[in-house]
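First the structure, in the form of structure tokens, and then the observations on it.
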Amino acid sequence: GAPAHASSGGGVHTSVRVHKDGSAINSSQMEAALNPARNDRDAMRRAGLHPHNHHRDNVSKIREKQQEVAAKKAFESQAAQRTDDQRRRARELAAATAQRASTAGAVASDASRAAKQPASQQTVGRHESYGKVPTYLAERNRAKEAEETLAREEAAKRASCPPGTRLVTEDERTAVLATIAAREAELRKELNALPFVTKTLSTANRKKALEDRLEEIEGARAQYSKPRVYVALDV
């Protein structure tokens with residue numbers, strides 16, 4: 013059959029092939045005849061349908077199953093860890109209880125034996141330090157008393173401060189004196205480096221400034237060398 017062309021009113025042309033028996037087939041039928049569908053999915057796509065992607069579903073199900081298995085293993089691992097921790101704590105508690113019971117039993121046994129002994133034997137068996145305060149307790153008590161005494165003295169000093177001032181602590185006073193000594197050494201070194209005879213005005217001015225600063229430092233040293241130093245309260 014020779015091809016023929018049919019035209020609709022809208023101007024769209026369709027290629028038509030006429031069989032020998034007079035029937036006609038269009039181009040899509042011809043393509044289907046020359047290039048048949050490879051499988052059902054191909055046929056559905058040619059028909060404009062979207063075949064269901066079973067492979068994707070299988071992959072998704074496998075992934076979900078793997079996640080479920082991983083979550084189950086994690087849960088079982090945590091449960092096993094909690095069980096181990098509970099068992100360990102139970103063992104430790106049992107051991108501690110047994111130790112306390114053993115200690116209590118030993119103390120009770122010693123007390124029972126001591127009670128059964130005559131008074132003379134009990135006196136002979138006592139250690140020479142019986143009735144004395146242990147050394148570490150005595151030292152602790154002495155340190156506590158010293159701290160309390162120092163605190164009372166500091167409180168009395170603060171109470172005697174003039175209004176608007178505070179008493180400089182011993183640590184502060186020592187630190188200030190150390191700073192004064194270091195600064196004085198620097199200034200004297202710089203002063204000794206100047207010529208003995210000043211020939212320029214700038215050298216003379218510098219020498220005078222250093223001497224004045226050293227005089228101020230000496231006054232500060234005298235002030236902070238006193239047993240009590242009062243400074244103005246911070247505003």
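Heads up: the sequence shown begins at 13 in the working numbering, then just goes up one per residue. Even glycine gets a Cβ: it sits at the ideal position worked out from N, Cα and C. Since this is a predicted model, take the numbers as computed values, not measurements.
Rounded to a whole number of angstroms, what is the C-alpha to C-alpha distance between A163 and N217?
50 Å
Limits of the alpha helix (DSSP H) - the one that H49 falls within
A small fix is needed here, since residue 49 is Ala in this sequence, not His. Segment: none, A49 is in no alpha helix (DSSP H) and carries neither H nor E.
Could you check the C-alpha separation between L206 and T177 for me, to the nearest Å?
41 Å
Is the beta carbon of L226 closer than 8 Å to that of L199?
yes
CB contact flag (Y236, L179, <8 Å)
no
Answer yes or no: do L222 and L203 have a C-beta to C-beta separation smaller than 8 Å?
yes
Segment limits, beta strand (DSSP E) that includes V188
V188 -> not in any beta strand (DSSP E); alpha helix (DSSP H) instead, spanning E182 to N204.
Need the endpoints of the alpha helix (DSSP H) that L149 sits in, please.
T147 to A171
With DSSP collapsed to three states, give me the class of R100.
helix
For R240 versus K169, is the C-beta spacing smaller than 8 Å?
yes
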